[in-house]
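Below is one structure, written out as structure tokens; the observations come after it.
2 protein chains.
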Amino acid sequence: MSTPDRLIEATQELLWERGYVGTSPKAIQQQAGAGQGSMYHHFAGKPDLALTAIRRTASQMRETAGQLFDGPGTAYERISTYLLRERDVLRGCPVGRLTMDPEVIASDELRAPVDETIGWLRGRLAEIVQEGLDQGEFTRLLAPEDVAATIVATVQGGYVLARASGSTDAFDAGARGLLALLAPGDTAA
Amino acid sequence: MSTPDRLIEATQELLWERGYVGTSPKAIQQQAGAGQGSMYHHFAGKPDLALTAIRRTASQMRETAGQLFDGPGTAYERISTYLLRERDVLRGCPVGRLTMDPEVIASDELRAPVDETIGWLRGRLAEIVQEGLDQGEFTRLLAPEDVAATIVATVQGGYVLARASGSTDAFDAGARGLLALLAPGDTAA
DNA sequence: GTCTATATGCAGATAGAC
DNA sequence: GTCTATCTGCATATAGAC
Numbered sequence: 001m002s003t004p005d006r007l008i009e010a011t012q013e014l015l016w017e018r019g020y021v022g023t024s025p026k027a028i029q030q031q032a033g034a035g036q037g038s039m040y041h042h043f044a045g046k047p048d049l050a051l052t053a054i055r056r057t058a059s060q061m062r063e064t065a066g067q068l069f070d071g072p073g074t075a076y077e078r079i080s081t082y083l084l085r086e087r088d089v090l091r092g093c094p095v096g097r098l099t100m101d102p103e104v105i106a107s108d109e110l111r112a113p114v115d116e117t118i119g120w121l122r123g124r125l126a127e128i129v130q131e132g133l134d135q136g137e138f139t140r141l142l143a144p145e146d147v148a149a150t151i152v153a154t155v156q157g158g159y160v161l162a163r164a165s166g167s168t169d170a171f172d173a174g175a176r177g178l179l180a181l182l183a184p185g186d187t188a189a
Numbered sequence: 001m002s003t004p005d006r007l008i009e010a011t012q013e014l015l016w017e018r019g020y021v022g023t024s025p026k027a028i029q030q031q032a033g034a035g036q037g038s039m040y041h042h043f044a045g046k047p048d049l050a051l052t053a054i055r056r057t058a059s060q061m062r063e064t065a066g067q068l069f070d071g072p073g074t075a076y077e078r079i080s081t082y083l084l085r086e087r088d089v090l091r092g093c094p095v096g097r098l099t100m101d102p103e104v105i106a107s108d109e110l111r112a113p114v115d116e117t118i119g120w121l122r123g124r125l126a127e128i129v130q131e132g133l134d135q136g137e138f139t140r141l142l143a144p145e146d147v148a149a150t151i152v153a154t155v156q157g158g159y160v161l162a163r164a165s166g167s168t169d170a171f172d173a174g175a176r177g178l179l180a181l182l183a184p185g186d187t188a189a
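Below, the structure written as structure tokens:
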């Protein structure tokens, strides 16, 4: 892998683990096995490198999720697949995590890829919920945009619960709870 | 207010806004209007002060939420009140935010109050969901622990969506979506 | 492209005067 | 209790040699 690529990947990892505020150029260089001069030759500085890394992370996330959303199955099945898909739960979401970073939120440029990715997730899920409604799969009156927000929030919040407790159980419980609430046709007690 | 109290309160604010990693002793002193020597006279250092501040924030959060949970209303009404209560949405949750901080997660002592608070929230909400089931308010087969996790996750994740987009709308959409899914007795399309 | 040298200022304290 | 002085090392670069 090229030196710029190693620097970008190291930055992606560190942003995921420690956020923008907690990531130093020195740590990036060490993780990438690159020297000081090398890093500043290829990138203008920490913000430039971080922006490149965030964009790549955002793009990879859309790629991964997109394959699930475009896959086979009913609306409920695809939502279920999304919620239950394998994740590194205790590491949290590499995109959502950045929303808790004050410097990312303060910079429209750094926040933009985050906003776009979360917005895209909500949009795709809203389409899937709408499909479920059209197919008569969901029999209740549901607002697709609202339910989509709930799904994304449950995932993002699930990471918070899991990291608070140090266990993935809480994430799974939240996903199960949402799927039970969403489940078509079992209104009998 | 006493100097220790001002230091604690300044630390609470900064931890909320910038996290542990992003908060320096100097920033705390400036926000509190206290000198270097003063801070180190009253507290052993940054971890000691942060622990005190986190405990206080956790305690205040339980106090606030407890009043809602113990208030009047059906289970659905109290859950609804909790989800729709006034919040400083774009600032996020002062407790949940800490789960994204690597140093808080790395320290069992700093993480403990966070874990306890989120665990307490889940426990109280599970009791409320159970009450709803006992009263015949929810007619579906719901696992109280799972639904409680979903509720807390929706709130925590709602902050992520709101901060990503820079608007409180996404938080409200997630809350509405969850309430629609939870709503008793409107299974007709 | 990569390396080493150099620079300013902040992080996170400790020590001792007042 | 609070203040000022002092300390080591890291943050975040820039400059110029190789």
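So the protein lines, in turn, are chains H and Y. Here the first sequence stands for residues 1 to 189, where the numbers follow the working numbering. Here the second sequence stands for residues 1 to 189, where the numbers follow the working numbering. The C-beta atom is built at its ideal place from N, Cα and C for all residues, glycine as well. These numbers were taken from a predicted model, which means no experiment stands behind them.
Bounds of the alpha helix (DSSP H) holding residue 159 of chain Y are 144 to 165. Cβ-Cβ distances below 7 Å link residue 32 of chain Y to 6, 7 and 10 in the same chain, with the five nearest sequence neighbours on each side left out; the list follows chain order. A residue is called buried once 16 or more other Cβ atoms fall within 10 Å of its Cβ, and residue 64 of chain Y, having fewer, is exposed. DSSP, read as helix, strand or coil, puts residue 49 of chain H in helix.
Counted as a single uninterrupted DSSP element, the stretch harbouring residue 1 of chain Y is not any alpha helix (DSSP H), since DSSP gives it neither H nor E. At the C-beta level, residue 68 of chain H and residue 81 of chain H come within 7 Å of one another.
Each residue's CA atom was taken as its position, placing residue 12 of chain H and residue 59 of chain H some 12 Å apart. Listed along the chain, the chain Y residues whose CB falls inside 8 Å of the CB of residue 102 of chain H are 17, 18, 19 and 22. At a cut-off of 7 Å between beta carbons, residue 115 of chain Y contacts chain H.
Of all residues in the stretch 85 to 110 of chain Y, the ones placed with a Cβ closer than 7 Å to any Cβ belonging to chain H are 92, 96, 97, 99, 100, 102 and 105, in chain order. Shortest Cα-Cα distance from residue 99 of chain Y to any of H/184, H/129 and H/165 involves H/165.
At least one C-beta of chain H is nearer than 7 Å to the C-beta of residue 153 of chain Y. The beta carbon of residue 132 of chain Y sits closer than 6 Å to the beta carbons of 75 and 138 from its chain, once the five residues preceding and following it are set aside; these are given in chain order. Remark: C-beta atoms of residue 46 of chain H and residue 25 of chain H approach each other more closely than 7 Å. Just so you know, the alpha carbons of residue 170 of chain Y and residue 61 of chain H end up roughly 20 Å apart. Closest in C-alpha terms to residue 151 of chain H, from the list Y/179, Y/144 and Y/143, comes Y/179. Annotated three-state conformation of residue 24 of chain H is coil, per DSSP. Here residue 74 of chain H carries a coil assignment [DSSP, helix/strand/coil]. In the DSSP assignment, residue 39 of chain H falls within the unbroken alpha helix (DSSP H) covering 36 to 42. About 6 Å separates the beta carbon of residue 57 of chain Y from that of residue 95 of chain Y, a gap short enough to meet the 8 Å contact definition. Using a Cβ-Cβ cut-off of 9 Å, residue 134 of chain Y is close to nothing in chain H; its nearest Cβ partner there is about 11 Å away.
Any Cβ of chain Y closer than 7 Å to the Cβ of residue 161 of chain H would place that residue at the interface, and such an atom is present. A straight line joining the alpha-carbon of residue 120 of chain H with that of residue 134 of chain H spans about 21 Å. In the three-state reduction of the DSSP assignment, residue 81 of chain H falls in the helix class, which pools H, G and I. Burial of residue 83 of chain Y is indicated by the presence of at least 16 other C-beta atoms within 10 angstroms of its C-beta. Listed in chain order, the non-local C-beta contacts of residue 147 of chain H below 7 Å within the same chain comprise 129, local neighbours out to five positions each way being set aside.
Chain-ordered, the chain Y residues with CB closer than 7 Å to the CB of residue 142 of chain H read 180. Taking 7 Å as the threshold, the shortest C-beta distance from residue 145 of chain H to chain Y falls below it. Its chain contains 14 as the residues whose beta carbon lies nearer than 7 Å to that of residue 27 of chain Y, once the 5 sequence neighbours on both sides are disregarded; these appear in chain order.
Scanning its chain for C-beta atoms nearer than 6 Å, with the 5 sequence neighbours on each side dropped, one finds around residue 144 of chain H the residues 126, 129 and 130, in chain order.
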